[in-house]
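Working notes for the structure below.
There are 2 protein chains.
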Amino acid sequence: MSSDDFRTIWLKPDDPGVVQIIDQRQLPHDFVIHDLGHWSDGVEAIQDMYVRGAPLIGATAAWSLYLAALHGQFPREEVSRAADALLESRPTAVNLRWAIERVLQLIDGVPDGDLAARIRQDAEAICAEDVEICLGIGRAGLPLLEAIAERKGGGTVNVLTHCNAGALATINWGTATAPVYLAHQQGLDVHVWVDETRPRNQGTQLTAWELAKNGVPHTVIVDNAGGHLMQHGDVDIVITGTDRTTRTGDVANKIGTYLKALAAHDNDIPFYVALPSTTIDWQTRDGVAEIPIEQRDADEVTMSYGRHGDERIAVRTVAEGSPVGNPAFDVTPARLVTGLITERGVCAASEDGLTGLFPEESAG
Amino acid sequence: MSSDDFRTIWLKPDDPGVVQIIDQRQLPHDFVIHDLGHWSDGVEAIQDMYVRGAPLIGATAAWSLYLAALHGQFPREEVSRAADALLESRPTAVNLRWAIERVLQLIDGVPDGDLAARIRQDAEAICAEDVEICLGIGRAGLPLLEAIAERKGGGTVNVLTHCNAGALATINWGTATAPVYLAHQQGLDVHVWVDETRPRNQGTQLTAWELAKNGVPHTVIVDNAGGHLMQHGDVDIVITGTDRTTRTGDVANKIGTYLKALAAHDNDIPFYVALPSTTIDWQTRDGVAEIPIEQRDADEVTMSYGRHGDERIAVRTVAEGSPVGNPAFDVTPARLVTGLITERGVCAASEDGLTGLFPEESAG
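Protein chains in written order, with this note's numbering: chain A, 537 to 900; chain F, 537 to 900.
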C-alpha cells in the first residue's frame, strides 16, 4: 500500500499468541480481520483462500509454524505435524514449500524452549524481506511512469492491470502495484484500469479495493474492454504480475494476460511484467510448451459470489449441465513483453536481459 | 436452430390475437413463453430485453404493429401511436426503425378493415426473409467447416464464438451459428467454445442454451481463456457476428471481439464474421475512428444475475462506489478478419471483397 504500516499479516497487538490476517474472501464489501490462534487456523486460511498470493501464502505458513511451536505441548513434533498439513494446503504454491523448508532448516538443533522465538524471528524476516523486494520493484518501475507523465506534460498516466499483483498478494506494496503506489505518493497523476479478472474476480474484489483504500484513482472494467481502450489511446502502459517467468522471458500469469499483451503490442503500448526474482524458473526455456497450466474447478465459472442485501451469496450464472473449461493461467511469449521489472531493476524479457541482472544464473 | 420449425416469435396457436415470444431474460435456467396481447407488451419486451438481437427486435416491432391494428378501436391511429412508442424502445437499433418504416409504407392507402391482415402478412414476410438470410449465411459458411473436418481427417472441428449471434438473436438459425447448425445436421463432428461474454453473459445465458437444446457439443469458457486455447491448437476457426461492418471490412461487435481476433491472428487461426448484408454501413470507411461506441450502464458490470435456489436474483460483485467503465462494443480492423460470411457468399474483409459480392454498392 501507499503507507509503510499496512500489513496483510501481523501479530495481534498485546497478544503474541495470535496471528491476524484479513479475510480476503469478504472483500471488497467487508473488511474482516481474522484471528489465527492455532496452526490449523493457518492451514484453513490458506486452503479456503482467506489469503492468497504466493508471498502471503509463504508468510502465513511461517507464522503458522510459529503458532505450532508456541502452543504445542511437544513443540518440535507439533511444528513437524503443522509443516506436513501446511504443505498439503495448496499443493502447487512454490512459496509455501520454500517458506516451510526455510523454517525447518533454521530450527535444526535449536533447543525446544527457543523454538517459538526463533521461528517468530524468521517469520518476521520473511515478511521484511518481501516488503524490501516489493519496494525494490516499485523503485525500479517508478521511472517508467515518471517518463510517461513527463511525455504527457503532467497529464494522467493510465495504467492497465490484470488480476491482483497487489499489496494483498504480498505483505505490503505488491509487485505490479508497487510502482503505482510510489508514483501516487510522489504526486503523479496516475489512474488504473482494473480488469475484473474472471472467473475469480480478483480485480474487482482485491485490486479495486486496495486502490480505493489508498486513494488511487481507478476504474473497473470487464476483461473484454482493454483492447478497445488501447485502440483509443486510453492506456499508456500495462503492468501485470506473474506466477512464473522462464529463463527466456516468457511469462505465465492469470488467464487473459496474453490477450492484453497482444492488444498492447498491436497498439504500440509498453507491456511490463513485475516480478520478484524468486518466481523466475531458470530451468525452463519455452513457456507455452513447458509450463503446465492448472485446470480449475467449473464452479469458479458457473457461480458468481457477491453481496445480496446484507449477505454474501453465490448465484449460478451457467445452466446446470453446461460443460465448462477453466484454465487458470496462460503464457505470454517474451516477444510481446516490453520489459521485466525486478527488485534489481528493469531488463529485457530475454535470457540476455535476465542474466544481465542476475549474472549468478548465467551458467545455467 | 438445427430444426426448421424453431422460432423466436410466433402467433399463438388457435389465438391469432396473441403473439408469443421467449422471455430470454429467464434463460438458461427457465424456458418461459411470454404472451404479447397488446402492442405495448411488445414495447416492454424490446425495452426490458425479453428479446434482443437486431433481426428479432425488428420482427417484434412488426408483430406489435399487427397487434395495434388488430385490437385498436381506430386501427390506423393505434398503429401510428404504437410506431412512435416502438421507435423509442431501443433508440439505437437499426432494424427496429427499418421494420417500422417498412410496415408504415406498406399500409399507406390500405383500408382500415384490411390493416391487421396486411401487417400480419408483412410481419410473416419479415420473419421468412430473415430465416432465408440466415440459411444463406449458413450455406455460405458450411464449406469452411467441411474443409477443416477434411483436413483433420474427420476429427473434431473446434469453433470459438463470442456473444450470441445465434438463433435467439434472429428468427431461427442465427448468423454465426448457422454454419455450425448446418454442419451438425450433416453429421460433422463440431464443438463450440462459448465465450461467457461479460458483462451481460450472452454466451452462457443464450448461446450455450441454444447449442445444448440442439445437441451441439460445446464448452463454456470465460472471455480470458480463448487466447490460451488458440496457443494450444484447441481452436480451428473463430466465427462471430457483428452489429455493423464498414465498407472496408472493419467489424463492430460485442466488446472483446477484437482481443479474440488478435489471438487468432497471432496463432494463424482463421477469423470469420457472419453478417446479413443489411448490417453493412456502406458510408463508413474507418471503423475504429468513425463508429461511435455506446457506453452502457455500470450496473451491467457491478451486478451479476443468476439462479439462487428457485429464484433469479442479482448479486453485487463490485464494491459500492467503485468507478466503472462499460463500453459495449469494439471494432476489429479488417486486417485481422480472414473473411466475411454473407447471405451471398464469403468474401475478403475489404472494399473489393464486399463490392464484389454487392456490385450494386460499388459506386458509393
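Heads up, the beta-carbon is just placed ideally off N, CA and C, and yes, glycines get one too.
- Annotation: the segment 770–832 of chain A contains the following complete segments of the beta strand (DSSP E) (minimum length 3 residues), in chain order: 773–776, 780–782, 787–790, 807–810.
- DSSP places Tyr841 of chain A in the strand class (E or B) of the three-state scheme.
- For the pair Pro564 of chain A and Thr776 of chain A, the CB atoms are not nearer than the 8 Å cut-off.
- Spatial neighbours of His607 of chain A in its own chain (CB-CB distance under 6 Å, excluding positions within 5 residues in sequence) are not present.
- With fewer than 16 other CB atoms across the displayed protein chains lying within 10 angstroms of its CB, Asp551 of chain A is exposed.
- Around the Cβ of Phe567 of chain F, a 10 Å sphere holds fewer than 16 other Cβ atoms; the residue is exposed.
- Closer than 8 Å to the CB of Ile757 of chain F there is at least one CB belonging to chain A.
- His720 of chain A sits in a helix when the DSSP states are folded into three classes.
- Taking a 10 Å sphere around the C-beta of Pro735 of chain F, we find 16 or more other C-beta atoms and assign the residue as buried.
- Partner residues in the beta bridge of Pro863 of chain A, as assigned by DSSP, are A:Gln831.
- Residue environment analysis places Ser840 of chain A among the buried positions, since at least 16 neighbouring C-beta atoms fall within 10 angstroms of its C-beta.
- Pairing Ile593 of chain A with Gln831 of chain A, the inter-Cα distance amounts to about 20 Å.
- Taking 7 Å as the upper bound on Cβ-Cβ separation, chain F lies near residues Ile791, Gly792, Tyr794, Leu795, Leu798, Ala799, Asp802 of the segment 780–805 of chain A.
- In the three-state scheme derived from DSSP, where H, G and I count as helix and E and B as strand, Val630 of chain F is classed as helix.
- The segment 777–786 of chain A and the segment 846–861 of chain A do not touch, with fewer than 3 CB-CB distances between them shorter than 8 Å.
- Where Thr891 of chain A is concerned, the enclosing alpha helix (DSSP H) starts and stops at 887–893.
- Under the three-pair Cβ rule at 8 Å, the segment 602–616 of chain A counts as touching the segment 648–661 of chain A.
- Cα atoms of Leu622 of chain A and Asp644 of chain A: separation of roughly 19 Å, rounded to the nearest angstrom.
- Around the Cβ of Ser625 of chain F, a 10 Å sphere holds 16 or more other Cβ atoms; the residue is buried.
- In the displayed model, Asp551 of chain A falls within a strand according to three-state DSSP.
- Judged by pairs of C-beta atoms under 8 Å, the segment 746–757 of chain F does not touch the segment 880–892 of chain A, as fewer than three such pairs exist.
- Sequence-distant partners of Val615 of chain A (beyond 5 residues in either direction) whose C-beta falls short of 6 Å from its own C-beta, in its chain, are Leu601, Ala604, Ala605.
- Under the Cβ criterion (8 Å, minimum of three pairs), the segment 578–592 of chain A does not count as touching the segment 857–865 of chain A.
- Taking 8 Å as the CB threshold, Glu732 of chain F lines the interface with chain A.
- The beta carbon of His574 of chain F sits no closer than 8 Å to any beta carbon of chain A.
- Counted as a single uninterrupted DSSP element, the beta strand (DSSP E) harbouring Val730 of chain A occupies residues 726–731.
- Using a Cβ-Cβ distance cut-off of 8 Å, the segment 693–707 of chain F and the segment 884–898 of chain A are not in contact, since fewer than three pairs of beta carbons, one from each stretch, lie closer than that value.
- DSSP lists A:Trp546, A:Asp571 as the beta-bridge partner residues of Gln556 of chain A.
- Judged by beta-carbon spacing, Gly691 of chain A lies within the 8 Å limit of Asp725 of chain A, meaning their Cβ atoms are closer than that value.
- Remark: C-beta atoms of Leu765 of chain F and Val758 of chain F do not approach each other more closely than 8 Å.
- Annotation: the segment 583–648 of chain F contains the following complete segments of the alpha helix (DSSP H) (minimum length 4 residues), in chain order: 590–607, 611–625, 630–642.
- In the structure shown, the three-state DSSP call for Gly881 of chain A is strand.
- Proximity to Leu795 of chain F across A:Asp541, A:Ala761, A:Ala664 peaks at A:Ala761, based on C-alpha coordinates.
- About 5 Å separates the Cβ atoms of Thr743 of chain F and Gly702 of chain F, confirming a contact at the 8 Å cut-off.
- Any Cβ of chain F closer than 8 Å to the Cβ of Pro611 of chain A would place that residue at the interface, and such an atom is absent.
- Within the same chain, Pro863, Phe865 come within 6 Å of Ile829 of chain A by CB-CB distance, once the 5 residues on both sides are set aside.
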